[in-house]
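Have a look at the structure below, then the notes.
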Amino acid sequence: MTAVQAAPAADTPDTPAAPGARDRRKLRNALRWTAAVAVFAAVAGGVTALTTLPDREKLPGLGTSPDGRHLYPALALPPIPDSPPGAPEDPGRRDYDIRALLLPKPQGAVPDPAFPGRGGWLPTEKFTALYQARTTVTAQLRDHGLRHIAASAWTTSDGMRTEVYLLHFDNSGIAEALFDELSSSRPQAVDGTLTDYELPPETDPAADLAFEGRMAAPDAAGRASRYVLMQNGDVVALVLSSAPAGVTRVPFDQAVALQGQLLR
1 MTAVQAAPAA DTPDTPAAPG ARDRRKLRNA LRWTAAVAVF AAVAGGVTAL TTLPDREKLP
61 GLGTSPDGRH LYPALALPPI PDSPPGAPED PGRRDYDIRA LLLPKPQGAV PDPAFPGRGG
121 WLPTEKFTAL YQARTTVTAQ LRDHGLRHIA ASAWTTSDGM RTEVYLLHFD NSGIAEALFD
181 ELSSSRPQAV DGTLTDYELP PETDPAADLA FEGRMAAPDA AGRASRYVLM QNGDVVALVL
241 SSAPAGVTRV PFDQAVALQG QLLR
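At position 10 of the sequence shown (counting the first as 1) the number is 10 in the UniProt record's numbering, and the numbers step up by one without a gap.
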């Protein structure tokens, strides 16, 4: 049972983002994400921290520890190819396969075969099915010229399910506009009373990102759901997670921070 499998509902508007959230989005250009995930190393000695490295070098994954972190493989940013002739001048444009930017599953996690991972592209209708306002989101993606959706999902031994979606657009301006519109919607799997989600400052990835996050109170079974929407350059990312009672938010913080690093 996935965190996002829900019967299609009537297409009704989602709850608008809170004014405070909109204010934070206006500050996206001032939001410098620095000192990535150093807090995790401080919590447990001997655990490799994800640090800011020279351009395009390998990024070490975060090790496991008693606080619930997962063990990820070493991350690597793809090389930046030369822009094709006639390509527009846009420092945020990625002229390579964005599937290389998908966060890999952590050690021991069971992948969901319904998600293509780095071997294919997710059909648009599977992404829009995440939202109650499905028709609205479908129109937004069409109007902004969505190119591809890369997606991966897995479940770890602690029962936490994580889904990652990367939406690729033609340029940074289009991606930013879609981020603003999508921020007013929420995945229907994250239901009930929501509170703002923010990473601890010391775990912020080293990248300029637009960021919007929400977390729901645990449901009757004690399962808690969270999501984060991020945008950098021509890519918008959604990280969606649900976890049973007893699993802290630390592994979600970790996944968001690592995916943010890959988008830098």
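Where is the CB? At the ideal position from N, CA and C, for every residue including glycine.
Here's a check: name, in chain order, each residue in its chain whose Cβ is nearer than 7 Å to the Cβ of residue i, leaving out the five neighbours to either side.
i	result
L263	L101, A207, L209, M230, N232, V235, A237
V247	G68, D158, G159, M160
P187	V4, L130, Y131, Y227, L240
T64	At T64 the pLDDT is 44, less than 50, meaning the model places this residue with poor confidence; the figure from the coordinates comes in the next sentence. Here the set comprises H70, L71.
E181	Q140
According to DSSP, simplified to helix, strand and coil, what is residue i?
i	result
D196	strand
A175	helix
T52	Because T52 sits at a pLDDT of 31, beneath the cut-off of 50, its placement in the model cannot be relied upon, and the following sentence gives the value as read from the coordinates. In this structure, T52 counts as coil in the three-state DSSP scheme.
L75	strand
P251	helix
V110	strand
P104	coil
R147	coil
A220	coil
D67	coil
P244	coil
A21	For A21, the predicted model reports a pLDDT of 44, less than 50, meaning its position is unreliable and no value from the coordinates is stated.
D97	coil
P123	coil
Note the first and the last residue of the continuous beta strand (DSSP E) segment covering residue i.
i	result
R264	Counting along the chain, R264 falls outside any beta strand (DSSP E), and DSSP gives it neither H nor E.
A216	210 to 216
Please classify residue i: is it buried, with 16 or more other beta-carbons within 10 angstroms of its beta-carbon, or exposed?
i	result
A151	buried
T156	buried
residue 268	The structure shown does not extend to residue 268, since the chain is modelled only from 1 through 264, so no value can be given for it.
R99	buried
T162	buried
V110	exposed
P251	buried
E176	buried
T195	exposed
Y96	exposed
P106	buried
So the alpha helix (DSSP H) residue i belongs to, where does it begin and stop?
i	result
Q231	Per DSSP, Q231 belongs to no alpha helix (DSSP H); it is in the beta strand (DSSP E), 224 to 232.
residue 276	Coverage of the chain is limited to positions 1 through 264, which leaves residue 276 absent and any answer about it impossible.
F169	Segment: none, F169 is in no alpha helix (DSSP H) and carries neither H nor E.
Just to confirm my understanding: we take residue i, look at its own chain, exclude 5 residues before and 5 after, and list those with CB closer than 6 Å. What are they?
i	result
G145	D170
G213	Y197, V228
G117	S152
I174	H144
Can you name the residues that DSSP bridges to residue i?
i	result
S152	V164
V239	V164, V228
P116	In DSSP, P116 forms no bridge with anything.
Y131	P187
Looking only at its chain, what residues have a beta carbon closer than 8 Å to the beta carbon of residue i, apart from the 5 residues adjacent to it on each side?
i	result
Y193	According to the sequence shown, residue 193 is Thr rather than Tyr. Cβ neighbours of T193 beyond the five flanking positions: A216, A217.
Taking only beta-carbon positions, decide if residue i is within less than 9 Å of chain B.
i	result
Y197	Protein chain content of the structure displayed is limited to a single chain, and chain B is not contained in it.
Can you determine whether any heavy atom of the ligand SAH sits closer than 8 Å to the C-beta of residue i, and answer yes or no?
i	result
F211	Among the components modelled here there is no ligand, and therefore nothing to report on the ligand SAH.
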